[in-house]
Each structure stands twice: as structure tokens, then as C-alpha cells.
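Note that this note's numbering has the sequence shown beginning at 127, numbered continuously upward. C-beta atoms are modelled at their ideal positions from N, C-alpha and C, and glycine is treated no differently.
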Amino acid sequence: MTISDYLSMDLTSEQTLADGATVIIRRKEGRELKAGGAWIYDNEIASVAGPFENGDIVSVRDFDGYFLGYGFMNLNSTIRVRILSRRESSVISPSFLAKRVRDAWSYRKAVTDTAACRVIFGEADFLPGLTVDKYDDILVVESLALGLEKEHAVSGLPSPVSLKTLCLAALVQVLQEDGTHIRGIYERSDAKVREKEGLPRTKGFLSEEFDTNVPIVENGVKYIVDVKDGQKTGFFLDQKYNRMAIHRICTGADEVLDCFTHTGSFGLNAAIAGARHVTSIDESELAISQARENAALNGLQDRITYVVGDVFDFLPAQEKAGKQYDVVILDPPAFTKSRSSVKAASHGYREINACGMRLVKNGGFLVTCSCSHFMEPELFRKAIDEAAHDAHVRLRQVEFRQQGPDHPILWAGDASYYLKFYIAQVVQEL
Numbered sequence: 127m128t129i130s131d132y133l134s135m136d137l138t139s140e141q142t143l144a145d146g147a148t149v150i151i152r153r154k155e156g157r158e159l160k161a162g163g164a165w166i167y168d169n170e171i172a173s174v175a176g177p178f179e180n181g182d183i184v185s186v187r188d189f190d191g192y193f194l195g196y197g198f199m200n201l202n203s204t205i206r207v208r209i210l211s212r213r214e215s216s217v218i219s220p221s222f223l224a225k226r227v228r229d230a231w232s233y234r235k236a237v238t239d240t241a242a243c244r245v246i247f248g249e250a251d252f253l254p255g256l257t258v259d260k261y262d263d264i265l266v267v268e269s270l271a272l273g274l275e276k277e278h279a280v281s282g283l284p285s286p287v288s289l290k291t292l293c294l295a296a297l298v299q300v301l302q303e304d305g306t307h308i309r310g311i312y313e314r315s316d317a318k319v320r321e322k323e324g325l326p327r328t329k330g331f332l333s334e335e336f337d338t339n340v341p342i343v344e345n346g347v348k349y350i351v352d353v354k355d356g357q358k359t360g361f362f363l364d365q366k367y368n369r370m371a372i373h374r375i376c377t378g379a380d381e382v383l384d385c386f387t388h389t390g391s392f393g394l395n396a397a398i399a400g401a402r403h404v405t406s407i408d409e410s411e412l413a414i415s416q417a418r419e420n421a422a423l424n425g426l427q428d429r430i431t432y433v434v435g436d437v438f439d440f441l442p443a444q445e446k447a448g449k450q451y452d453v454v455i456l457d458p459p460a461f462t463k464s465r466s467s468v469k470a471a472s473h474g475y476r477e478i479n480a481c482g483m484r485l486v487k488n489g490g491f492l493v494t495c496s497c498s499h500f501m502e503p504e505l506f507r508k509a510i511d512e513a514a515h516d517a518h519v520r521l522r523q524v525e526f527r528q529q530g531p532d533h534p535i536l537w538a539g540d541a542s543y544y545l546k547f548y549i550a551q552v553v554q555e556l
């Protein structure tokens, strides 16, 4: 498709896209859904009345017939139904989806800088399985639900169309109305989790081709975002304001250590804030290569030293060498992606934080975070507390933060709350 095709798509239709089947919930089940969650699991379903195919939009009712919602059905997944709407009067139509998208954009305009931001955040925007990031005039989409991919014949449209395409068309049109012309769309639906939905992993252009190295500016720092081969959709937008939060503690710092730097964002923020020297480390040669390019783009290449290496090996080696830093930043990938591995993850967070604390000068600062929603806030805080005990230091909390507001936390939607971020002063025990 071309951007013009998205712009010309008529999304005013009220034609229902829901099918006739009804899912019946077992007695005393559906607790998460009834508490405000968006998922129904395989073991919560008593029966399905009526014919359906995987990906169909079905209605959901409690054991006593009470209406609970409309959602995508998929027997391939442990998450059997992903809820789109809780109102029986809703018509799941192109017009309905366009309103969801318009509401998502209106919310972003109210809470964040929209030059580069997450525009659609799945269940937290009531569009389950769909993520869309905006990098200036480029959109990057990730689709994780079979129901988004299934095509529907819609009156007024020349050929069957998926819900994903309808949402993207709505977003392109809303942005155009708001004065932002979208130049291109790229799909990054290459996460392994798609296989649990019975979907192949895929990536590629959903519009005319364009240069996939996309320039953006965030917090005054220039980046080139690789939307084709970078991690996730190319950049971690959720840390935008957390990166800004380190500016004050890095101003005038002699030495800053930025661990798991990816494409250099925290280290670049430290340097642009006034740190005299930054050491940034990541095990990915590609990420470090991109970080070096970003440093040069900002004229900071002389103040940042880049290291390709394993942080778990690097930190003890730095301690053994007697190295000390004014600020140590720990932004690791998720140590756990399931509840079964939380205990091991807690040990990992405890170890990495203890190592980091030992490298902080007395009165310096530790910046640490976890991006796994399975690592609940109290568990993460406990791991840091135990790390401080191991390192024989005291912590004075400067602030606790979460993901940026363009990644809204939907209460009762546990998966939407995942990023925990601390800044703490490290004080040697007296």
C-alpha cells in the first residue's frame, strides 16, 4: 500500500466486524476480566456457542448470560480472548476503530512531546495486541494478535481489510488532519511471542519504501533510529523522561558509567548534560556501532568511550581495578519474561545492583531500572535493598519513576505496568 491508499480509505462505516459466536465463561471464573483486565484464558471458558474461526470477533458472556464484552478469539493461544469493548451496544466497525485511534492520539497530545512517542500501546489503548511508535514522520507497527491480522469484507472498500490496516489508516488520517504528514510505515512484527498466536514472525514495509535509518531529536539529543534492525521498534521511547531525569545528577560529573547502553541514549544524555567523561558498554557490536554514530552526530565522540562487552564481567573487573564513578547507570534487558523465572531474575538484579553500587563514589548516584512486568515493584525494591546490604552501602532515594505517559499504565492491566526506575544516592555506611 501507499500512504495515499491509507489516506483515501473510508473509515466511516458502522458495519459490524463481529461474528455470531458467543464465549461462555465458567462459573466463578473471569476474575481478571471482571476486575478490569483485558484477557480471558483457556481454562476460564465453559463453551462456545456458534461457529467461529480463529481471529474472529466474538461476544463474551458470563455463565448466567450477563454480557462481558467483545474480543478476538484464538484457540492457538493460552489467552483465548482479548477484549476490544465491554459495552453490549458497541458496534465493532471501522468507525469504532477510528475513534479508538483518535482517542489514543488525543491522549498523547495532552501528556507528552509527540515528535517521537508511542502512539498506540495495545490493551492500554483498548486496541489489544497493537503497538505503534511514531518517529517524526515514520510509523513503526507491531502486531501480536491474530485478530488484528484477519481480513474482513467491508462495504465501501474494494477488497477485504484487516483490523491492523484499518487502525493504521485511521492513524495516518488523524495525523494528517493534525498537520503531520506520514512518510512511511514499517512493520516490526518479528517477536517470538507471535508464534504463540499461530502467526509467523514478519517485518517489512507497509507503505512505499524509505530509508529505515530515521533521525529524531529527544531531550535535545540527536539520534538515528534503525527501525529495520534495531531492538523492538528501533528505540526505547519509554525511558524518554527518565533520561531527562539524570541530567541534573550528571552535570559536572567527572566519570559516568552507562551499562547496557544499547544505542547510547543514557550515556548521551549524561554527556550532553555536562558529564566530563562517560563510559558506555553493551554486548552488541551493532548497538555500540550505532551509539558511536549517535555520539558523533551530537559532537560528543571525544567525551564518551564505548566498550563492547558483558556487563556482568565488566563490573567486577572495574571494581578489582579500583575504578570509581560519580554516576552508575544500569538499564538491563528484562531478566524475566515469565513468572516461573522471577526468583532467578531477583538474584540477577541483586547481583548487578550490588556490583554497580560498589563502583559509585561515596555520595555519588545509582540509576537502576527493571523493564519486566513480572518483576513487581516490591520485588524489585527488595532486590535493590538486598544489593545495598551486600555492597555495605546506604541508599537515599532521589526519585522513583515509571515508563513515560505515552506508555500509559492501565489499572488492572498488569502487563501495561512494567518499567520501574530509581535514582538513589549511594552513601558509605558510617
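- DSSP lists Arg208 as the bridge partner or partners of Trp165.
- Exclusion of the five residues before and after Thr240 leaves Arg234 as the residues of its chain whose Cβ lies within less than 6 Å of its Cβ.
- The C-beta distance from Thr148 to Asp532 rounds to 36 Å, too long to fall under 8 Å, and the pair is not in contact.
- When DSSP reads this structure, Arg527 sits in a beta bridge with Phe547.
- Just measuring C-alpha positions, the residue of Asp337, Ala175, Asn488, Ser498 sitting nearest Ser472 is Ser498.
- In this structure, the CA atom of Gly248 is about 18 Å from the CA atom of Arg213.
- Pairing Tyr544 with Ile510 gives a Cβ-Cβ distance that is not under 8 Å.
- Excluding sequence positions up to five before and after Asp352, its CB lies within less than 7 Å of the CB of Thr338, Asn339, Gly360, Gln416, all in the same chain and listed in chain order.
- Taken atom to atom, the span from the alpha-carbon of Thr204 to that of Lys322 is near 8 Å.
- Looking from the CA of Pro254, the closest CA among Glu409, Ile166, Ser410 belongs to Ile166.
- Remark: C-beta atoms of Ala317 and Leu274 do not approach each other more closely than 8 Å.
- Look at the beta carbons and you see the segment 417 to 427 touching the segment 387 to 397: at least three pairs across the two are nearer than 8 Å.
- Under the DSSP assignment, Asn368 falls in the alpha helix (DSSP H) whose first and last residues are 366 to 371.
- Excluding residues up to 5 positions away in sequence, Leu256, Val267, Ser269, Leu274, Glu275 lie with their Cβ nearer than 8 Å to the Cβ of Lys290 in the same chain.
- Within the segment 462 to 521, the complete beta strand (DSSP E) segments of 3 residues or longer fall at 486 to 496, listed in chain order.
- The bridge partners DSSP lists for Leu256 are Ser269.
- Residue burial annotation: Asp304 is exposed, with fewer than 16 other C-beta atoms found within 10 angstroms of its C-beta.
- Shown here, Val382 sits in a strand according to DSSP, grouped into three states.
- Between the alpha carbons of Pro442 and Ile430 lies a gap of roughly 21 Å.
- At a Cβ-Cβ threshold of 8 Å, Val553 and Asn488 count as neighbours.
- As summarised for the segment 406 to 447, the continuous beta strand (DSSP E) elements at least 3 residues long and confined to that stretch are 430 to 434, given in chain order.
- A Cβ-Cβ distance of about 17 Å is found for the pair Tyr261 and Ala230, leaving them out of contact under the 8 Å criterion.
- DSSP links Ile342 through a beta bridge to Tyr349.
- The bridge partners DSSP lists for Cys243 are Lys260.
- Shortest Cα-Cα distance from Leu210 to any of Leu201, Asn202, Gly195, Ser221 involves Gly195.
- Between Ser139 and Ser221, the gap from beta carbon to beta carbon is short of 8 Å.
- When the beta-carbon positions are compared, Gln528 and Leu485 stay at least 8 Å from each other.
- Scanning Ala250, Val434, Ala371 for the CA closest to the CA of Asp540 turns up Ala250.
- The alpha-carbon separation between Asp188 and Ile151 amounts to approximately 5 Å.
- No Cβ-Cβ contact shorter than 8 Å links Ala295 with Tyr432.
- Rounded to whole angstroms, the gap between the alpha carbons of Asp516 and Glu445 is 14 Å.
- In the structure shown, Phe336 adopts coil according to DSSP, grouped into three states.
- Straight-line measurement puts the Cα of Ile311 at about 11 Å from the Cα of Lys354.
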